[in-house]
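This note's numbering puts the first residue of the sequence shown at 2, with every later residue one more than the last. Idealized CB from N, CA, C, for every residue including glycine. Report on the following structure.
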Amino acid sequence: MKSTSTLGAAAVLLAAPGVYAGLINYPPIPEDLTTPFQQRLAVYGPGAVSVGWNTYAHQASACVEYGTSSSNLNSQACSTTTSTTYASSRTYSNVVILSDLTPATTYYYKIVSTNSTVDHFLSPRQPGDKTPFNLDIVIDLGVYGADGFTTSKRDDIPTIQPELNHTTIGRLADTIDDYEIVLHPGDFAYADDWYEKPHNLLDGKDAYQAILEQFYDQLAPIAGRKLYMASPGNHEADCTEIPYTSGLCPEGQKNFTDFLHRFGQTMPTAFKSSSTNTTAQSLASKAKSLSNPPFWYSFESGM
Numbered sequence: 002m003k004s005t006s007t008l009g010a011a012a013v014l015l016a017a018p019g020v021y022a023g024l025i026n027y028p029p030i031p032e033d034l035t036t037p038f039q040q041r042l043a044v045y046g047p048g049a050v051s052v053g054w055n056t057y058a059h060q061a062s063a064c065v066e067y068g069t070s071s072s073n074l075n076s077q078a079c080s081t082t083t084s085t086t087y088a089s090s091r092t093y094s095n096v097v098i099l100s101d102l103t104p105a106t107t108y109y110y111k112i113v114s115t116n117s118t119v120d121h122f123l124s125p126r127q128p129g130d131k132t133p134f135n136l137d138i139v140i141d142l143g144v145y146g147a148d149g150f151t152t153s154k155r156d157d158i159p160t161i162q163p164e165l166n167h168t169t170i171g172r173l174a175d176t177i178d179d180y181e182i183v184l185h186p187g188d189f190a191y192a193d194d195w196y197e198k199p200h201n202l203l204d205g206k207d208a209y210q211a212i213l214e215q216f217y218d219q220l221a222p223i224a225g226r227k228l229y230m231a232s233p234g235n236h237e238a239d240c241t242e243i244p245y246t247s248g249l250c251p252e253g254q255k256n257f258t259d260f261l262h263r264f265g266q267t268m269p270t271a272f273k274s275s276s277t278n279t280t281a282q283s284l285a286s287k288a289k290s291l292s293n294p295p296f297w298y299s300f301e302s303g304m
C-alpha cells in the first residue's frame with residue numbers, strides 16, 4: 002500500500018538519458034521455451050485445483066500429468082484455451098484445471114514439457130472436515146534482491162546474502178510444511194516502484210517486467226506447492242505510484258493487466274457450497290451472487 006514522492010526520480014529521468022540503459026535485471030530465457038516458470042496453484046472449486054504457470058513461448062495446448070504417486074502420473078488434463086500475454090510481457094500465462102480430486106490427498110503433478118519436474122500439493126479439504134490446519138496470510142509482498150527493499154544485512158549470520166536475509170518469501174519457504182493454504186489479498190512484487198532504483202530509470206517497461214519475472218520466480222517454490230489464493234491491491238490496479246503517467250506506465254501496469262493474465266483463470270469461479278452446514282450454505286450462496294473472480298470470490302476447504 003506504500004506511496005512515495007517521485008519528484009526526485011522524475012528529475013533524474015529527465016536529466017540522465019542513457020546513463021542506466023542496459024542494466025535491467027531480467028532473468029535469463031531458457032533454451033527450451035516450453036520450460037514452466039512462475040508456477041501457482043489455487044482452489045478452483047469442489048474437488049478442483051488450478052495449475053498456472055508461465056512460459057517464454059506461446060502454448061497452443063498446455064497439459065498437466067498428475068496422480069497420487071510420483072512414479073505413476075496416470076491422469077492428464079489440458080487447457081481449453083491457448084496461453085495469453087500482453088504487449089509488454091516477455092512471457093505467456095497458461096492454466097490447466099485438475100478436477101475430481103479426492104479431498105485432503107497429496108497429488109503429484111508435472112507440467113508437460115521437455116524441461117519440467119514433478120512437484121506435489123495437498124488437495125482442498127472437504128467442507129465440514131474439522132481437522133485442524135494452518136493457513137498463512139501475507140500482504141504487500143515485494144521482490145527481494147537488487148530491485149527490492151531488502152538490500153542490506155539485518156543480522157550477523159555470515160552465510161546469508163544481504164538481499165536474501167529476513168524475507169517473507171524465505172520464511173514461507175522455510176516453513177512450507179507447516180501450512181496448507183496461503184491467502185494473499187493484494188500487492189505483489191511492487192513492480193510499479195521500479196523507478197526507485199537508479200539502474201531502472203529511463204527503461205520503465207523492461208524494469209517493470211523484469212521485477213515481475215523475478216518476483217514470481219521467487220514465489221514459485223511456495224505457490225507451486227501450496228494453494229495460493231490471490232486478490233489484487235493498489236499495486237496491481239494502475240500506475241498510481243508515478244504522478245507523471247503519460248509515457249511512463251508500462252502496459253502491464255494499467256488496469257490490473259498483469260494480474261488478470263496471471264490469476265484471472267486460476268481463481269475459483271462461483272459454485273454452490275458442498276457443506277452440510279446450513280449457515281455455510283447460506284453464506285456461500287450470497288458469496289456466489291457477489292463473486293467476480295479474481296477480484297473477489299469465495300472458496301471452501303475444511304471446517
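How far does the beta strand (DSSP E) with residue 122 in it reach, from first residue to last? Its beta strand (DSSP E) spans residues 119-123.
Just the C-alpha distance for residue 280 and residue 299, rounded to the nearest angstrom, thanks. 14 Å
Closest by C-alpha distance to residue 91, when choosing among 238, 295, 57, 301: 57
DSSP beta-bridge partners of residue 230: 184
Quick one: grab the DSSP three-state call for residue 196. helix
Candidates 225, 252, 268, of which the one nearest residue 37 by Cα: 225
Express the C-alpha separation of residue 189 and residue 237 in angstroms, rounding to a whole number. 7 Å
Are the segment 282-294 and the segment 57-67 in contact at 8 Å, needing three or more beta carbon pairs? Output reads no: the segment 57-67 does not touch the segment 282-294.
Spatial neighbours of residue 86 within its chain, please: CB distance less than 6 Å, with the 5 preceding and 5 following residues excluded, ordered by chain position. 93
In whole angstroms, give me the CA-to-CA distance for residue 303 and residue 220. 25 Å
Expressed to the nearest angstrom, what Euclidean distance is found between the alpha-carbon atoms of residue 257 and residue 295? Residue 257 and residue 295: Cα-Cα distance of roughly 10 Å.
Between the segment 35-52 and the segment 110-120, can you find at least three pairs of beta-carbon atoms closer than 8 Å? yes
What separation, rounded to the nearest whole angstrom, lies between the Cα atoms of residue 107 and residue 228? 12 Å
Inter-residue Cα distance where the pair is residue 48 and residue 199: 47 Å
From the DSSP output, read off the bridge partner residues of residue 266. Bridge partners of residue 266: none, in fact.
Per DSSP, the bridge partner or partners of residue 250: Per DSSP, none; premise fails for residue 250.
Short of 7 Å in beta carbon distance, which residues of its chain neighbour residue 8, apart from the five on each side in sequence? Order them along the chain. Residue confidence is low: residue 8 scores 40 on pLDDT, short of 50, so the model does not pin down where it sits. No coordinate-derived value is stated.
In three-state DSSP terms, what is residue 207? helix
Do the CB positions of residue 211 and residue 28 come within less than 9 Å of each other? yes
Could you tell me the distance, in whole angstroms, from the CA atom of residue 123 to the CA atom of residue 263? 22 Å
Tell me the rounded alpha-carbon separation between residue 333 and residue 147. Here the chain comprises residues numbered 2 to 304, so residue 333 is not present and cannot be evaluated.
Taking Cβ to Cβ, would you say residue 269 is nearer than 9 Å to residue 97? no
Residue interval of the beta strand (DSSP E) (run including residue 56): 49-56
Work out the CA separation of residue 76 and residue 101 for me, nearest whole Å. So the alpha carbons of these two residues sit roughly 11 Å apart.
Contacts around residue 55, its chain only, beta-carbon distance under 6 Å, and the 5 residues preceding and following it disregarded: 38, 39, 92, 94
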